[in-house]
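J.: Numbering (my numbering), first residue to last: 2 to 377. Every residue gets a Cβ at the ideal spot worked out from N, C-alpha and C, and that includes glycine. Remember, predicted model here, so these are calculated numbers, not experimental data.
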Amino acid sequence: MYVSRRDFLSSMGGAVTATALSPQILSVPLAAAGRTPTKAPILLNRNENAYATSPAILNALRSASAFSNRYPYSALNDATSEIARFHGVDAKMVLLGCGSTDILRICANAFLIPGHTLVLADPTFEAIRDCAQAVGGKVVSVPLNHRYEHDLETTLARADSRTTLVYICNPNNPTGTITPRKRLESFLRALPQDIYVLIDEAYHHYAGASSEYASMLEPAASDPRLIVTRTFSQVYGLAGMRVGYAVANESTIRRLLPYQLWAGVNVAAALACSAALKDTAFLRLAVKRNQDDRQEFFNQAQARVLKPLDSHTNFFFMDAGRRASGVIAHFKRHNVMIGPEFPSMSTFIRVTLGLPDEMREFWRVWDLLPPGRMSM
């Protein structure tokens, strides 16, 4: 449950579902089907939901204006309760954040002090690295294994007496790959009991079709070492509202609470996330649309003898056959923004799935690149 500053200090002292655009099928070749870039850049760099959000969620956002003169505590408690009901847990096992990135900050503050170590993959979502270093924590990076999964065996070997937190992004950003649930369970059984594990499931909804993937949210309710984060930024199309949450054992949530921003989630975001959880039709549409767009991207890549990594997200990571920095600059010159360079995989680029017209433009600009070294 969300607590106000006063309550906390006191306790310490004592659907556009039917009308939404359907995914359009692209065809090869596309070089002649290009268009002149518009003034606004095409944003394929931030892993956002290009199709935006649903009417039900938009209605909730509009209704928030009636409460703009009030602090959001009531709405936050309602949102926390709605999330708890959705997952079948007690509200005391849910912590709201200003996006799930805020939960990463909270965990870094709660578990890392100078001399303590965070272990994470390379490459992975880098925000928690910055949070750890900001509080004086040491960061140990472990390269992904040959399947581009988290190398849990090496992670276990690198976790020593100074390790207090392990970060696992699953599906992983930027690779889009998954680490199987069974391997995670074996890892947790072998990990020392005093090390916390933060599992970032920002792309959870996109990975449901894989038989090897399963959320770790259920075991997090009973294992005090586990914290699982989710976000409304991706499948629900609320990146601009900045709202996410953690589910963990009640004792673990109590340890995180002192680092939560006071009313860090605004009333509009709180109302929107409650509406989002109820809009199951939009969720199904968003997942199906992403599956179709993902298949079309793969088809276009294959037609160009490209081999992107197997994606379980709303983006692709693929070897461009040349330095990523040059490819990123090439796309930028053509008004198309793609993801940043990842030094440990310096020839790979990350491309967020956009609207069909945007993806046509992506492939048109790709076809303007000179031939590169293609890895098979």
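Going by the CB atoms, is the gap between alanine 80 and leucine 97 shorter than 8 Å?
T.: In this structure, alanine 80 lies closer than 8 Å to leucine 97 by Cβ.
J.: At what residues does the alpha helix (DSSP H) containing serine 142 begin and finish?
T.: That residue, serine 142, is in no alpha helix (DSSP H); its beta strand (DSSP E) goes 139-144.
J.: Return the Cβ separation of serine 378 and glutamate 202 in integer angstroms, given the expectation that the two are a contact with Cβ distance under 8 Å.
T.: There is no way to answer for residue 378, as the model of the chain reaches only from 2 to 377.
J.: Quick check on the DSSP output: what are the complete alpha helix (DSSP H) runs of length 4 or more inside the segment 216-295, in order along the chain?
T.: You should have 218-221, 251-257, 268-279.
J.: Should the segment 281-290 be called in touch with the segment 243-261, which here means at least 3 C-beta pairs below 8 Å?
T.: They do not touch, by the three-pair rule.
J.: Relative to the alpha-carbon of serine 69, which residue among Ser312, Ile339, Ala270 has its alpha-carbon at the smallest distance?
T.: Answer by Cα proximity: Ala270.
J.: Tell me which residues share the same chain as serine 376 and place their Cβ nearer than 6 Å to its Cβ, disregarding the 5 neighbours each side in the sequence.
T.: Bear in mind that the predicted position of serine 376 carries a pLDDT of just 46, short of 50, making it unreliable; the figure below should be weighed with that in mind. Excluding positions up to five away in sequence, the list reads Asp320.
J.: With DSSP as the reference, label leucine 77 as helix, strand or coil.
T.: Looking at leucine 77 - three-state DSSP - the assignment turns out to be helix.
J.: Just curious, the beta strand (DSSP E) that methionine 360 is in, first and last residue?
T.: Looking at the DSSP string, methionine 360 is not in any beta strand (DSSP E); the run it does join, the alpha helix (DSSP H), is 357-367.
J.: Using DSSP with H/G/I as helix, E/B as strand and the rest coil, what is phenylalanine 343?
T.: Coil at phenylalanine 343, not helix or strand.
J.: Got a sec? Which residues, its chain only, sit under 8 Å from isoleucine 228 by beta carbon, not counting five neighbours each side?
T.: Ile104, Cys108, Tyr197, Val198, Leu199, Ile200, Ala221, Ala247, Val248, Ala249, Thr253, Leu257, listed in sequence order.
J.: Strictly by DSSP, which residues pair up with threonine 87?
T.: It is phenylalanine, not threonine, that sits at residue 87 in the sequence shown. Phenylalanine 87 is not bridged to any residue.
J.: Using a Cβ-Cβ cut-off of 7 Å (strictly less than) and excluding sequence neighbours within five positions of leucine 113, which residues of its own chain qualify?
T.: If we look at leucine 113 and ignore the five residues flanking it on each side, its Cβ neighbours are Leu119, Ala133, Val136, Gly138, Thr165, Leu166.
J.: State buried or exposed for proline 172, treating a residue as buried only when at least 16 other CB atoms are found within 10 Å of its CB.
T.: Answer is buried; the Cβ neighbour count reaches 16.
J.: Since phenylalanine 112 is in the alpha helix (DSSP H), which residue starts that stretch and which ends it?
T.: Here the alpha helix (DSSP H) through phenylalanine 112 covers 101-112.
J.: Only counting the same chain, and skipping five residues up and downstream in sequence, which positions put a Cβ closer than 6 Å to that of isoleucine 169?
T.: Excluding residues within five positions, the ones whose Cβ falls inside 6 Å are His151, Ile200.
J.: Can you name, in chain order, every residue of its own chain whose Cβ lies under 6 Å from the Cβ of serine 345, other than the five neighbours on each side?
T.: The answer, listed in chain order, is Asp123, Pro124.
J.: Please report how far the alpha carbon of glutamate 186 lies from the alpha carbon of aspartate 224, in whole angstroms.
T.: Cα-Cα distance, rounded: 11 Å.
J.: May I ask you to report which of helix, strand or coil DSSP gives tyrosine 204?
T.: DSSP places tyrosine 204 in coil when its eight states are reduced to three.
J.: Cα separation between leucine 354 and tryptophan 263?
T.: The straight-line gap from Cα to Cα measures roughly 35 Å.
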